Structure formats: C-alpha cells, structure tokens
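Protein chains: 2
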Amino acid sequence: MLQVEIVQDQTAKRQRRGRPPKIEGGGTTKARLIHAGLALMTEKGFSSTGLEDVLSQVGVPKGSFYYYFDSKEAFGKVLIEEYGLYFSKMLDECFLDESYAPLVRFENLITKLRNNMIKYDFQRGCLIGNLGQEMMVIPASFRQQLIDVFYDWQQRTSLLFEKAKTAGELPQSVDCKAMAELFWIGWEGAILRAKLERNAATLDRFAMHFLYQMKQGH
Amino acid sequence: MLQVEIVQDQTAKRQRRGRPPKIEGGGTTKARLIHAGLALMTEKGFSSTGLEDVLSQVGVPKGSFYYYFDSKEAFGKVLIEEYGLYFSKMLDECFLDESYAPLVRFENLITKLRNNMIKYDFQRGCLIGNLGQEMMVIPASFRQQLIDVFYDWQQRTSLLFEKAKTAGELPQSVDCKAMAELFWIGWEGAILRAKLERNAATLDRFAMHFLYQMKQGH
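Shown next, in the form of structure tokens:
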C-alpha cells in the first residue's frame, strides 16, 4: 500500500552529525523505518506497536532509530504526516483525473480504497482512524494533526463534489461540504466493520447508499 | 454511565472454592472489577488497559482478579457481554417507551448517547467500537462477540424503524434493516470524530442528516 519511494521523496532530511546509518535491502534507513511504522500502525495502532517491532522488521539497532527520531512521539508525528501526504496524493490521482467524469473519479477512489483493504486481508485499516480511536492513549500533540488530515480529505472531496454539480452529475441542492464530511465519517465507521467482519460487504453497502442518497440531492 | 447494580444483576456467579474476597465501598469485588474495566476500556481500549490499572482503581490485589477471571481475555469477554447487555437495555428503555412516537424514541436515544459523550468530556467512546478498531491486537475470540453486539443493536433499531413506518413517520420505501446498519456504521465513525474534536458537532450533524435522509424515503 505504501511505497518506500513516496516516503523517501517526501521526508525532509533532518540535520544530524555524522553519516546516516546504511542498511541492506534498498531505501535509506529512515525511509524503511517509516515504511515499517506505517505498515505496523495501520494494523495495530500506535499504542500496541512497540519500537522493538519496528526495529526488528527493519533489522536495525535502537541507535539507528534515535539517529532520526527523538522519540516514539516524534516518529508518530512523522508517520501521520507521511500517511496524510500519501493519502492526499492518492486522492489527487483519482479526483484530478480528467479522463473520467467527477463522480466516476469518486467511485474510482472507493474501489481503490476497498481493494487495498482486500489486499491486506482486512488487517490494515486507516492510520488516521486507528489513531483517532486511540486519542486518550496517544500523545496530545497528535490531536490537531489528525483533525487536519481529515479536513484535508474533506476539502478535496468537497471540491470534487462541486465539480460533479457543475457537470450535472449531482443536483444543485447537494451541500458538498456537508456530504464530504459525512462520507469520511461513514467510511471510517465502515472500515471498522470491514476489519471486524473480514469482508468488504459493509464498505460496499455504505458506498452504494451514500452515492444513491447524494444523487437524490441530499 | 454504567451502574454497578446492572453489572451485579447480570453477572452469573462462577463456582470457586472458598469465600469471595470482600472490599470496602459497596458492590462485590467482581462487580467493581467489571465496572472499573468498562470505565477504563471505553476510554483506552483493551490493549492499553493494564490489569494493574483495573486493580489499582478497585484497590484489590491480583489474587482477587484471578479468583473471578482466568485471564485478561476472559475478563474482556465478560466486559463485552456486560456492555452489550447494558446497551441493549438502554435501547429497550428508549425504543419500547410507548409514551413517544417511534422516531421520537430514536431521537431520545441519540440525545442520551450524545449526552453521555459530553458527560465524560468526550474521553469515553464505545467499547464495541474501540475493540473493533483494535481487532488485530485483541484475542480472536472477541471477533464474533463484537459482531453479535452490533447485530443486536441493528436488529432492535430496525424493529423501531418498522414501527415508525407503520405509524406513518417514515415512507414505505425505507429499507429499515439497511438504515439500521447505516446508522450504526455512521454513529461509530461520528464518535471517533467527537473524541478527536472534543465536541458534539459531528454527532449532531450526522444524526440530523441521517434522520432527514430517512424521512425522504432512503
């Protein structure tokens, strides 16, 4: 789901003394730590993912981790940022693809998200949803960051719905901003159920119903 | 939110040798352990709640815990059961109250759930939602139990919507079973956001929109 390449491009290099540790297997150590952190936390959340799990997956000692990140909290903040960037890039890829009508682009995104859930056998959910659910046990500094990511998704989705309105795919009565928020609220709830029931039926029913309702004008 | 009395009534006594440990402050030790477990896990989830937290809140040693529960897993299963019973009792109290029209009963439930979120300053969410989100790090034996609780809520909600249809509050075109599922999917998503944003605005917007759409007949 997450490509090491994306992570490498998007991660600003931090200034540290000495030479960054290198490891076998492609990608910088930092990129591989981020990649492993994202894979583990989309599955297990923040609290249940120990640094040991991340280190053993990448095959580096603790020192390599602390070379790049001051703490697990700092690591978490980078992961939220990376996930947000990865996700907004995916939204753009679907939503700005002018070879499809706006609502088809929206359906394309849903298909993509749905297929990602299947690809990982419903074990990986949404990092933002996982961490949001854990709000009482994660660092308080994550709160605004997580809210901002949701707002970013809603903003992009709302713009797409406006385009669908202009294209005559949606009635003028649709409140695009409200519908974008309702979509992401419901989608997070549907992911929770998909993980629990280990199938895509809830995702499909939610998406189908959401689209149907929106096309009715509310 | 959870009354020790309910817990006492609903918990089947397990047969053990000797006399059950007694503690000060009202309620049996078992009921107080369950009460503390529910309070902690609606806030922190299963993985982040240590047995130590539960024991120190109740003020009993580990031996008292293992007198009643074989393991944290066994404890978790009892908590899901208790929460399910508590919640279905609350649904019945609202949904079977014939002094209100069916849809008003549904609104009464929403108000109750919303006020509970405010009462605990948006720190306590839904135990079933929390554990569902944690599915990859909690015992596999919880899965079917959590699914069953959601289905129980949906079933009760669907029956209420049927009554609303009969009473002419909802159009005949409404698929009550589907809407009941969509409500609980969306409500869990809205709770996640309410915890994150520490206000009831998302809950209110979701509920208002859901009711509006359903009254339109879909």
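Protein sequence lines, in the order shown, are assigned to chains A and B. Residue numbers for the first sequence follow the working numbering, so the first one is 1 and each next one is one higher. Residue numbers for the second sequence follow the working numbering, so the first one is 1 and each next one is one higher. Don't be surprised by glycine CBs; every beta carbon is placed ideally from N, CA and C. In this text the structure is predicted, and so the values were computed from the model without any measurement.
Member of the options whose CA lies at the smallest distance from the CA of residue i
i, options, result
"residue 60 (chain A)", "A:195, A:115 and A:30", "A:30"
"residue 102 (chain A)", "A:168, A:189 and A:55", "A:168"
"residue 184 (chain A)", "A:126, A:47 and A:137", "A:126"
"residue 207 (chain B)", "B:199, B:186, B:192 and B:216", "B:186"
"residue 76 (chain A)", "A:100, A:122, A:171 and A:131", "A:131"
"residue 157 (chain A)", "A:193, A:49, A:81 and A:89", "A:89"
"residue 175 (chain A)", "B:205, B:175 and B:27", "B:205"
"residue 199 (chain A)", "A:138, A:117 and A:39", "A:117"
"residue 138 (chain B)", "A:49, A:95 and A:142", "A:49"
"residue 65 (chain B)", "B:35, B:172 and B:152", "B:35"
"residue 136 (chain B)", "A:39, A:85 and A:32", "A:39"
"residue 87 (chain A)", "A:57, A:123 and A:152", "A:152"
"residue 83 (chain B)", "B:140, B:37, B:196 and B:165", "B:37"
"residue 140 (chain A)", "A:73, A:120 and A:105", "A:73"
"residue 81 (chain B)", "B:105, B:163 and B:145", "B:145"
"residue 28 (chain B)", "B:54, B:58, B:147 and B:44", "B:58"
"residue 211 (chain B)", "B:112, B:107, B:154 and B:166", "B:107"
"residue 147 (chain B)", "A:71, A:51, A:142 and A:193", "A:193"
"residue 97 (chain B)", "B:143, B:163 and B:182", "B:163"
"residue 201 (chain B)", "B:62, B:122 and B:52", "B:122"
Chain-ordered chain A contacts of residue i [CB-CB under 9 Å]
i, result
"residue 130 (chain B)", "133 and 134"
"residue 192 (chain B)", "129, 132, 133, 135, 185, 188, 189 and 192"
"residue 43 (chain B)", "136 and 137"
"residue 143 (chain B)", "196, 197 and 198"
"residue 123 (chain B)", "135 and 136"
Chain-ordered neighbours of residue i on chain B, where CB pairs are closer than 8 Å
i, result
"residue 202 (chain A)", "181 and 185"
"residue 205 (chain A)", "178, 181 and 182"
Listed by chain order, chain A residues near residue i by CB distance under 7 Å
i, result
"residue 147 (chain B)", "196 and 197"
"residue 48 (chain B)", "47 and 137"
Inter-residue CB distance, residue i and residue j (contact presumed, cutoff 8 Å)
i, j, result
"residue 91 (chain B)", "residue 109 (chain B)", "7 Å"
"residue 209 (chain A)", "residue 190 (chain B)", "Rounded, the Cβ-Cβ distance is 16 Å, inconsistent with contact."
"residue 128 (chain A)", "residue 150 (chain A)", "7 Å"
"residue 196 (chain A)", "residue 114 (chain A)", "Not really, about 16 Å apart at Cβ, beyond 8 Å."
"residue 47 (chain A)", "residue 134 (chain A)", "6 Å"
"residue 214 (chain A)", "residue 170 (chain A)", "6 Å"
"residue 54 (chain A)", "residue 33 (chain A)", "6 Å"
"residue 172 (chain B)", "residue 165 (chain B)", "6 Å"
"residue 124 (chain A)", "residue 181 (chain A)", "In fact, because the Cβ distance is near 24 Å, the residues do not count as touching under 8 Å."
Contact set between residue i and chain B, taken where Cβ atoms lie within less than 9 Å
i, result
"residue 35 (chain A)", "In chain order: nothing, as chain B lies at least about 18 Å away."
Residue i Cβ short of 7 Å to the ligand PLP heavy atom set
i, result
"residue 151 (chain B)", "Because no ligand of any kind appears in the structure shown, any question about the ligand PLP cannot be addressed here."
Within-8 Å CB hit, residue i to chain C
i, result
"residue 176 (chain A)", "Within the model displayed, chain C is absent; protein chains A and B are what it includes."
Segments of 4+ residues assigned as alpha helix (DSSP H) that fall wholly inside the segment 56-92 of chain A: Within the segment 56-92 of chain A, the complete alpha helix (DSSP H) runs of at least 4 residues are 62-68.
In chain order, which beta strand (DSSP E) runs of at least 3 residues are fully inside the segment 140-200 of chain A? Taking 3 residues as the shortest admissible run, the segment 140-200 of chain A contains no complete beta strand (DSSP E) segment at all.
Any alpha helix (DSSP H) of 4 or more consecutive residues that is wholly inside the segment 28-59 of chain A: The qualifying runs are 29-44 and 51-58.
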